[in-house]
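J.: Got a structure here, written out as C-alpha cells. Questions coming.
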Amino acid sequence: MEFAIISTLNGVTYGLLLFMVSAGLTLIFGMMGVLNFAHASFYMLGAYVAYAVSSIFGFWTGILVAPIVVGLVGMAVERFLLPRVHAHGHAHELLLTFGLALIIEELIKLFFGDFPVNYQMPEALRFSAFEIFGTGYPFYRMFIGAVAVIMFTVLWLLLTRTRTGIVVRAAERLPQMAEALGHNIPIVFMFVFGTGAALAGLAGAVAGAFYPTNPNMGIELGVIVFVVVVVGGLGSLKGSLVASLLIGLFSSFAVGLDWSIASMFDVVGLGDWARSVGGLLTLELSSVSATIPFALMLIVLLVRPAGLMGERN
Amino acid sequence: MTKFAFGAAMALGAGTLGAATSQAEPLKIGIIESLSGSQTSTGRLYARAVKYGVDRINAAGGFNGEPVQVTEYDNAGGASEAADKFRQAVADGINIIIQGASSAIAGQLTEDVRKHNLRNPGKEMIFMNLGGEAMELTGDKCQFYHFRFTTTAPMRITALVNAMKKSDALGSKAYAINQNYSWGKDVQAAVEAAASEGGYEVVGEVLHDVNKIQDFAPFVARIKSAEPDTVFTGNWSNDLLLLMKATGDAGLDVTFATTFLDQPGNIANAGQTALGHYIANNYDNAATPTNEFPEAYKAATGAYPIFVEGHSTFALGQLQEALSTLDFKGGDINVTDIAMALENSVYQSPLGPISVRKEDHQTIRPVVVSKVVKGAKYPADGTDMGFETVEVIPGEKAIYPVQDNCQMKRPNA
Amino acid sequence: MTSIQKILLALLLVLLIAVPPFLGLGWQNALINVLISSLFALAFNLLNGQAGLLSFGHAAYFGVGAFAALHLMIAVEDGLFFPTPLLPLAGGLAGLVVGVVAGYFSTMRSGVYFALVTLAIAELFHSLAPHLEGTFGGEAGVSSMRMPWMGFGFGTIIEVYYLTLGWVVLCGLALWAYTRTPFGRLTLALRDNEQRVKFLGYNAHYAKVIVFAVSAMMTGVAGALLAISNETANYSLFSGSVSAQVVLQTFVGGSTVFFGPVIGATVFTLFSFLISDLTRSWLFYQGLIFVLVMLYAPTGIGGVIDHHIRNRRQLDLAKIGGPYLVALGGGILIAAGTVFLTESAEVLFGQDYAMARDGAAGGFPAYDLFGLSWSPLNPVTWLVPLVLLCGGVFILIRARRVIDRLWARKDEATTDDMTVGAGGKE
C-alpha cells in the first residue's frame, strides 16, 4: 500500500517533469513537422543558464531569465537556421537540429566542464511538504509538479481562448490558408518554436536544481522525451500529458517490481524450466525498467502511429 | 639498381647501428585515457597524476640514461576508440600502457596487450591498470603483463565492514543497491559474502540500469520498506548523486557505505545530505601520517590530490621502485624484466606498503575508510565538508583470495 | 561511369593496395577504420539516399554483425573449421536476418515515423544487450582472437587491412551493381513515388523490406569487419552515437551521389584520427562542420563535386578557379579565428586555469596557446580572432558574390544554348 502510494506520487511528479519538456517538442512537431532533436539540449541549456544566473543574482532570477534566454535561442534557430534547409526536406531539418544538439552540448562542456555543477534549490524551498508513512515528501517535487500544471493550463488557455492561439492552431492545420488570410506565418512559427524552447528551458531551470545538472542530462532525458511524444501523439498537448504521466508512473512502479516472465510461468508450473532457459525470460522488470518505454514506443508506432491522442499520420 | 639498393641498405644499417650506440632507448609510457566524453573529469585526473609520477622519476634521473617519455592518447571513453589508440601506441613504440577511468576499457586493453604480446615476442608491452576494478581482470582475464594498482569490490567492502563495525556504525541490517553490470554485481556479491563477518543481515538488494535512472525515489521507497541500518552502494556519478539526493529528500535515516563518494562534484551536489556517510577507497589526504605527500603534489600541480590521483601516483612510485632494480646499461629495454621487477617490488606509500601478488598481479594495498564531516582538514569541492579518516585497513586484511579461474601463463624466464 | 571515372577508381584501388605497407601502424589502422566506415555509410545510404528511408538506428545491424562474427571466431578458436577470411559472411547473415524482421516492421511506416521506429529498435538492442550476458557479454563485451588460415597468420594489422579492403571493395561493387539492376531502379522509384510503384503492380512493402534487408546485410558485414579488426565488441556498438555517426558521415559526404558517403566517412574518420589527440574540443569542431555543411552545402561534399562535374563544360573553370581560392582563403581565416576562440575558451574555462587564477590571487594570468603566450586582459588577444573572423567573412562574402555571378552566367548560357546535355556525360 505504502509502495503504491509513494510510487504514484513519484510517478506523477516525474511524469509532470517529462511533460514540461515534451510539451514544447510536441507543439513544434505539430506545427512544423520538424522533430527537434535539439529540444533536450534546450532543456540542458535552461538548467545551465539558470545555474550561471542564479549564482550571481539568485535562484528566482535564474528561473526567470533562463526560459527567456533559451526562448531567444530557439527563435534565432528558427529564424536564421531552419529556413535555409527547409527547401531540402524534413530530413535535413531533422539533421540540422541534430547537429545543433551536438554543438550545444559541446559548448556547455567547453564553458562549464564535463562534470556536474552545483546548481541547488534555495534553502527556502528545501523542506518537506507533508509526512507520509514516516518519511517526508520533499516540497520541491510538488513545486516541479505545480510549475508543470500551471504551464499546461496557461498553454491550454492560450491556445484555445486567445486570438493568438487560434492563429497558431490555424497555422498548424493549414499554414497556407492562414497566410492567405493575412497572418504572418513565419512570425507565428518563430514564436511557437521560441515558446517551445522556452518551455524546455524553464523545465531545465526548475528541474536542474533537483536533479544533477551535468552535460549528459540532455541525452538522458532526450530519448525518453521522444518516447513520450510518440506515445502521446505527435502534435497533441493532451496526449503528451497523458503519455508523460503514463511513463512516469510506469517507471516508478517498475523499479519496485521484481516480476519476470519466468515468475509468470510459475503460475502454470513452468517457472523452473523458464529459469533454466535463462536469457530474456529471467530478466526482472526492475532491471529493465528503462527498456520498456522503448518497447512501448515501438508498439505504438507500429499499431497506432498517431499515438494515444494524436491526429496526424 | 641492386648496387644502389645495397649501398642504401649499408648506409641505413650503419645509421641505425650508430644510433643504437649513441642514444639509449628511453622508456615510453602511454596513457590511453578518457580525455573527452562523459568520463573526462576522471580521465584527466589519471593523466595528471601519471604525469606527476613520471616527473618524479625523471627528476631522479629518468631510466636507462634517458628521461621517461609520456604520451597521452584520448580514447573518448569508448572501447573501440581505445583499441585504435592502442594500435597507435604500438606504432609509437610504447612499452607501458596505463588506463584507469573505465573497467570496460581496461578489459579491452588487457586483451589487446595479451594478443599483441603473443604475436610479437620480444616486443612485449605492460598494462598498468590504475582503475579497472572488475574482478575478471585478475580472474578469467588475468595475464602476466597486467598489473592492477587499485582495489576491487571485495577489498572495499571488507574494509568498510571492518571499519564501520569497529566504530559501531554498521548496524545489523544492510541493503545493497548497485548498478546492473559487472562492478555493481561484484559489490553486491561482496556485501553478501561479508555478511557473517560483519554480523549483519542483508535485508534487500537491487540492481538498476546504469546511468539511466533519473528518479531514485522508487528505489528509496523500496529501501525504506526493508528498514536497513546501512546501505551499501558501488554507484558512481549520477547514480550515486541521485540516490543520495532522493534519500535526503525522503528524510530516510540510513548510513551509506559507498565506494565513490569522493568523485569531484559529489559532495558539492549532495550538500548536507552527504554528512555522516562512509567511503572506502585507495587514498585520502587526511589519512596520511604527515602532509608531505599532499603538499608536494600541490606544489607541483597546484592542488591537493583528489579522487584517483593519490593511488595513481603510488603506482608510478612502485614502477620507479621496480626500475631502480634494473640496469639495461643504455641498451634495449626488456619489458619482461620490468614486469618481473614490478612483481617483486614493494612500494612504501604514505599509507602503508603496497606489494604485488604473483598469482594474479593484484596489488596487496591498504584501504582507507573515511566519513564525511563538516570542517574537515581537506575540504572537498570548495564546500566546508570533507573526509575524516576512520581507519586505514592494512593490505593483508583487506585482500581477497586468488580467484580459481586465474590461470596465469608465466613467460619462460 | 565514364572512362575517366573508371580510371580514377582504378588508380585509387592501386594506391590502396600498394601504399599501406609503407605506412605506420597508426595509419594502417586508420585506413581500416576508413574502409569500415565507408562500407557502413554506403550500406546506410542504400536505404537513405536511394530508397528515401532515413534510418536512425542502423547501429543495431552493425552491432549484430559484429557479435555474430565474434561468436563464430570464438567457435573457430575452439576448433571449428572455418576460413578466417570468410568470417564477415556471418555478419552479413546476421544482419540479413535481423534486417528482414526489423525491416518488415519499420517499413510499415514512412518518414519521421519510420526514423523513430528504427531508433526505437536500436535503443531496444542497446538497453537489452547489457542484460543478455551470454550473447553480448556485459559491458566488457565479447572478445576473441583471429585464427590463422592457410598460412596467413592474420596477426598483423596489414593482413587485416587487406582482408578489410577486399571485402569493402567486393561489397562496394555489389552495391554499385545493385543500382544498375532493375530492382535498383525500383528502389529509386520507391523514393520518388511509392504510390506509382504500387500501381505498377509491385508490393511496395515487400520491396522496401528487401531493400532494408540488403542494407542491413551490408551493414552487418561492416560490423563483422570491425569485430575482426578489434577482436572484441561490446554493447556500446548499439548506441545512438554510432547510428548518429553514420548519418553525419553520409550527409556530409552527400547522400545523392553514390560515392558521397565514402567521402564523408573518409573525412570524418581521418579528422578524428588526426585531430582527436591535438585538441579536446574536436567533437565540437565535428558538430560545427556538420552544421555548416547542412546549411551551406546541403547536398554534401559529394553533391558539390558532382554538381561541378556535371557543369564543367558550361562553367568557365579558369575564371572560377581564382574566386574559389580566395573563398578557400576566407574559409581558412574563419576557421583559424574559430579555433583560436575555442581553444582559448577551453583553456580559460578549464580547471588548470582556475587553479592558476587562485595562484595569481584572482587575477587573469597569461596562458599558452600555439606556442605563444596570451594575456586575457590584453586587447590584442581578442583582436586576433576578431580580425581573423571579420577578415575571413569579408573575403568569403566578396568571393561568393563573384562565384554566384559566374554560376548565374553559366545558367544563362545554358538556357541560351539550345543543345542539351552537350557531350557524352554519364
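Protein chains in written order, with the numbering used here: chain A, 36 to 348; chain B, 915 to 1327; chain C, 2 to 427. Heads up, the beta-carbon is just placed ideally off N, CA and C, and yes, glycines get one too.
Starting from B:E1115, trace the beta strand (DSSP E) in both directions and tell me its first and last residue.
T.: Here residue 1115 of chain B is taken as the residue at index 201 of the second sequence, counted from 1. Start and end: 1115-1122.
J.: Any C-beta of chain A sitting closer than 8 Å to the C-beta of B:S1284?
T.: Counting from one through the second sequence, the residue named residue 1284 of chain B turns up at place 370. With 8 Å as the cut-off, B:S1284 does not count as an interface residue toward chain A.
J.: Residues in the stretch 137-152 of chain A with C-beta within 9 Å of chain B's C-beta atoms, listed in sequence order?
T.: Shown in chain order are the members of the stretch 137-152 of chain A whose Cβ falls below 9 Å from a Cβ of chain B: K144, G148, D149, F150, P151, V152.
J.: Excluding five sequence neighbours on each side, which residues of the same chain lie with their C-beta closer than 8 Å to the C-beta of C:F209?
T.: For the purposes of this step, residue 209 of chain C is identified with residue 208 of the third sequence, where counting begins at 1. Correcting the residue type first, residue 209 of chain C is Lys in the shown sequence and not Phe. Only A52, L54, G104, T108, L191 meet the Cβ criterion.
J.: By Cβ distance below 7 Å, which residues in the same chain neighbour B:G1162 in space, the five residues on each side in sequence not counted?
T.: To locate residue 1162 of chain B, count along the second sequence from 1; it is residue 248. Excluding sequence neighbours, B:G1162 sits near T1187.
J.: Going along chain C in order, which residues have a C-beta closer than 8 Å to the C-beta of B:A1048?
T.: Locating residue 1048 of chain B in the second sequence gives position 134, where the first residue counts as 1. Scanning chain C for C-beta atoms nearer than 8 Å to the C-beta of B:A1048 yields A141, reported in chain order.
J.: At what residues does the alpha helix (DSSP H) containing B:G1224 begin and finish?
T.: Within the second sequence, numbered from 1, the residue matching residue 1224 of chain B stands at position 310. Element bounds for B:G1224: 1223-1237.
J.: Can you name the start and end residues of the alpha helix (DSSP H) that B:A1077 belongs to?
T.: Counting from one through the second sequence, the residue named residue 1077 of chain B turns up at place 163. It spans 1067-1080 - the alpha helix (DSSP H) in which B:A1077 sits, taken as one unbroken run.
J.: Please compile the residues from chain C whose C-beta is within a distance smaller than 8 Å of the C-beta of A:M332.
T.: Within the first sequence, numbered from 1, the residue matching residue 332 of chain A stands at position 297. By Cβ distance, chain C contributes L117, A121.
J.: Within a Cβ cutoff of 7 Å, which residues of the same chain sit near A:L52, ignoring the five residues on either side of it in sequence?
T.: As a first step, residue 52 of chain A is located in the first sequence; it is residue number 17 there, counting from the start. I179, A183, A238, A242.
J.: For C:I264, does the count of other Cβ atoms within 10 angstroms reach 16, so buried, or fall short, so exposed?
T.: Numbered from its first residue, the third sequence carries residue 264 of chain C at position 263. Result: buried.
J.: What residues in its chain sit with their C-beta under 6 Å from that of C:A205, if we drop five residues either side in the sequence?
T.: For the purposes of this step, residue 205 of chain C is identified with residue 204 of the third sequence, where counting begins at 1. Closer than 6 Å at Cβ, skipping near neighbours: E195, V198, K199.
J.: Using CA atoms only, rank isn't needed, just tell me which of B:M1254, B:A1184, B:A1217, B:T956 is closest to B:E1235.
T.: The sequence position of residue 1235 of chain B within the second sequence is 321, counting from 1. Minimum Cα distance to B:E1235 is reached at B:M1254.
J.: Sorted by chain position, which residues of the same chain lie with C-beta nearer than 6 Å to B:Y1211's C-beta, five sequence neighbours on each side aside?
T.: Sequence index remark: in the second sequence, residue 1211 of chain B carries index 297 (1-based). Excluding sequence neighbours, B:Y1211 sits near P1219.
J.: Compute the Euclidean distance between the alpha carbons of A:G236 and A:E141, then round it to the nearest angstrom.
T.: Here residue 236 of chain A is taken as the residue at index 201 of the first sequence, counted from 1. Here residue 141 of chain A is taken as the residue at index 106 of the first sequence, counted from 1. When rounded, the distance between both Cα atoms is 17 Å.
J.: Since C:Y114 meets chain A, which of its residues come closer than 9 Å, beta carbon to beta carbon?
T.: Numbered from 1 along the third sequence, position 113 holds the residue referred to as residue 114 of chain C. The contacting residues are V265, L269, L336, P340, N348.
J.: Given a threshold of 16 other Cβ atoms within 10 Å of its Cβ, counted over all protein chains shown, does B:Q1022 qualify as buried or as exposed?
T.: On the second sequence, residue 1022 of chain B is found 108 positions in, with the first residue counted as 1. B:Q1022 is buried by the Cβ-count criterion.
J.: In this structure, does DSSP put A:T48 in helix, strand or coil?
T.: Counting from one through the first sequence, the residue named residue 48 of chain A turns up at place 13. Helix, per DSSP.
J.: Return yes when the Cβ of A:L269 is within less than 8 Å of the Cβ of A:G59, no when it is not.
T.: Here residue 59 of chain A refers to the residue found at position 24 when the first sequence is read from its first residue. Here residue 269 of chain A refers to the residue found at position 234 when the first sequence is read from its first residue. Not in contact: A:G59 and A:L269 (Cβ atoms no closer than 8 Å).
J.: Alpha carbon to alpha carbon, what distance is there between C:E124 and A:H74?
T.: Counting from one through the first sequence, the residue named residue 74 of chain A turns up at place 39. Counting from one through the third sequence, the residue named residue 124 of chain C turns up at place 123. For A:H74 and C:E124, the distance between alpha carbons rounds to 19 Å.
J.: Give a yes or no on whether the minimum CB-CB distance between C:D79 and chain B is below 8 Å.
T.: Stepping through the third sequence from its first residue, residue 79 of chain C is reached at position 78. Output row for C:D79: interface = no.
J.: Closest Cβ-Cβ distance between C:T182 and chain B: below 8 Å?
T.: Taking the first residue of the third sequence as position 1, residue 182 of chain C is located at position 181. Against chain B, the CB of C:T182 has no partner CB under 8 Å away; the residue lies outside that interface.
J.: Let me confirm a value: A:E158 is counted as buried when at least 16 other C-beta atoms fall within 10 Å, else exposed. Which label applies?
T.: As a position in the first sequence, residue 158 of chain A is number 123, starting the count at 1. Burial call: exposed.
J.: In chain order, which beta strand (DSSP E) runs of at least 3 residues are fully inside the stretch 1153-1209 of chain B?
T.: 1169-1172, 1192-1195
J.: Report buried or exposed for C:Y297, applying the criterion of at least 16 other Cβ atoms within 10 angstroms of its Cβ.
T.: The residue labelled residue 297 of chain C in the question sits at position 296 within the third sequence. Exposed.
J.: Using only the alpha-carbon positions, how far apart do A:N71 and A:L129 sit?
T.: Numbered from its first residue, the first sequence carries residue 71 of chain A at position 36. Numbered from its first residue, the first sequence carries residue 129 of chain A at position 94. Using only the alpha carbons, I get a separation of about 6 Å.
J.: Indicate the three-state DSSP secondary structure (helix, strand or coil) for B:Q1262 in the structure shown.
T.: Against the second sequence, residue 1262 of chain B aligns to sequence position 348. Residue state, collapsed to three classes: strand.
J.: Residues bridged to B:K1087 by DSSP?
T.: Translated into positions along the second sequence, residue 1087 of chain B becomes position 173. The partner list for B:K1087 (beta bridge, DSSP) reads B:E1115.
J.: Could you check what DSSP says for B:E986 in three-state terms: helix, strand or coil?
T.: Position 72 of the second sequence holds residue 986 of chain B. Residue state, collapsed to three classes: strand.
J.: Which class does A:E141 belong to by DSSP, given the choice of helix, strand or coil?
T.: Counted from its first residue, the first sequence places residue 141 of chain A at position 106. Correct three-state label for A:E141: helix.
J.: Should B:M924 be flagged as near chain A, meaning a C-beta pair shorter than 8 Å?
T.: Mapped onto the second sequence, residue 924 of chain B falls at position 10. With a pLDDT of 46 at B:M924, under the threshold of 50, the predicted position of this residue should be treated as unreliable, and no value is reported.
J.: From B:Q953, B:I1010, B:K1159, pick the residue whose C-alpha is nearest to that of B:A1131; which is it?
T.: Locating residue 1131 of chain B in the second sequence gives position 217, counting from the first residue. Out of B:Q953, B:I1010, B:K1159, B:K1159 has the C-alpha closest to the C-alpha of B:A1131.
J.: Does the ligand PLP have a heavy atom nearer than 7 Å to the CB of C:V243?
T.: No copy of the ligand PLP occurs in the structure displayed, which carries no ligand at all.
J.: Please determine if the stretch 1259-1275 of chain B and the stretch 1136-1153 of chain B are in contact, where contact requires at least 3 C-beta pairs separated by less than 8 Å.
T.: no
J.: Using three-state DSSP, classify B:E1302 as helix, strand or coil.
T.: Numbered from 1 along the second sequence, position 388 holds the residue referred to as residue 1302 of chain B. Strand.
J.: Would a check of beta-carbon distances place C:E195 closer than 8 Å to chain A?
T.: On the third sequence, residue 195 of chain C is found 194 positions in, with the first residue counted as 1. It does not: the Cβ of C:E195 has no partner Cβ on chain A nearer than 8 Å.
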